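Everything on this sheet refers to the single structure shown next.
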Amino acid sequence: MAYIAIIETAIYLLLIIYGAKTSEYSNNYNSSYLTATLTQLQTVKPWHIIATIGAVLGYALRKWSFITLNEFFTFQLTIRPGHKLITHGPYKYLRHPSYTGGIINGICFCLLIFHKGLWSVMFAFILDQIKSSWLNTTTFGTRILYLSSSLLRGEWLVTLITIVMVRAILERIANEEKMMKNHFGKEWYTYANKRWSLVPFVY
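For the sequence shown, counting from 1, position 125 maps to 125 in the UniProt record's numbering; every step adds exactly one.
This is how it looks when you write it as structure tokens:
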């Protein structure tokens, strides 16, 4: 996702340079939301820079965690032969730094793409390419074009994806910690009691 955030930044810059040409899409759909989106995309906003940096830093934290775990890293919850409790690197400060990095990266990525971002522009562009007289003259086609005005808005996707992602991670953490308690016993309790789970001083 960090790579996508970087690529999106480059596309933002292209929109700034060729912003006048992109304005025609807002006229095609008569959408005040799309017009506002295209207008704000023509200037790099502070929140865009912050979100891009956040996406990259989140990815970096997650990658650092993977490297620290080394051979004990797996995408599936499992205990490997000779498994050791890792307490250095980012695990010196958090019990689940890779999930922290993933959440930061995911939220920032969603903000960049869906909050008045490239989702709106991309959807409008694709719809414009497939639009034909059939879409404009048939009842079904008219309904598709009407529905597009709702799909152009990405805030609902940010909310939905964030809720699903955080819920899935919290459920995975609960299962992972249960597995670690069973395997490491007292060593895990000693380690866990000295560190926050995801966010220092919060959780």
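A virtual CB, placed ideally from N, CA and C, is assigned to each residue, including glycine.
Being a predicted model, the structure only gives us computed values, none of them experimental.
Per the DSSP calculation, THR94 is bridged to which residue(s)? Reading off the sequence shown, one finds Leu at residue 94, where the question assumed Thr. Per DSSP, TRP196.
Buried or exposed (CB count within 10 angstroms, at least 16 for buried), residue 261: The displayed coordinates of the chain run from 1 to 203. Any statement about residue 261 would go beyond what the structure contains.
Residues in its own chain within less than 8 Å of ILE79 by CB, not counting five upstream and five downstream? Contacts found: MET179 and HIS183.
Assuming LEU77 contacts GLU176 under a Cβ cut-off of 8 Å, what Cβ separation, rounded to an integer in Å, is found between them? A Cβ-Cβ separation of about 6 Å places LEU77 in contact with GLU176 under the 8 Å criterion.
Which same chain residues end up closer than 6 Å to TYR203 when comparing Cβ atoms and leaving out the 5 residues on each side of it in sequence? Only SER197 meet the Cβ criterion.
Start and end residues, alpha helix (DSSP H) containing PRO46: From DSSP, the alpha helix (DSSP H) with PRO46 extends over 46-69.
Rounded C-beta distance between LEU85 and TYR191? I'm assuming under 8 Å. In this structure LEU85 touches TYR191 by the C-beta definition: roughly 6 Å separates them, less than 8 Å.
Using 8 Å as the threshold, is the C-beta distance between THR162 and CYS110 below it? For the 8 Å CB-CB criterion, THR162 and CYS110 form a contact.
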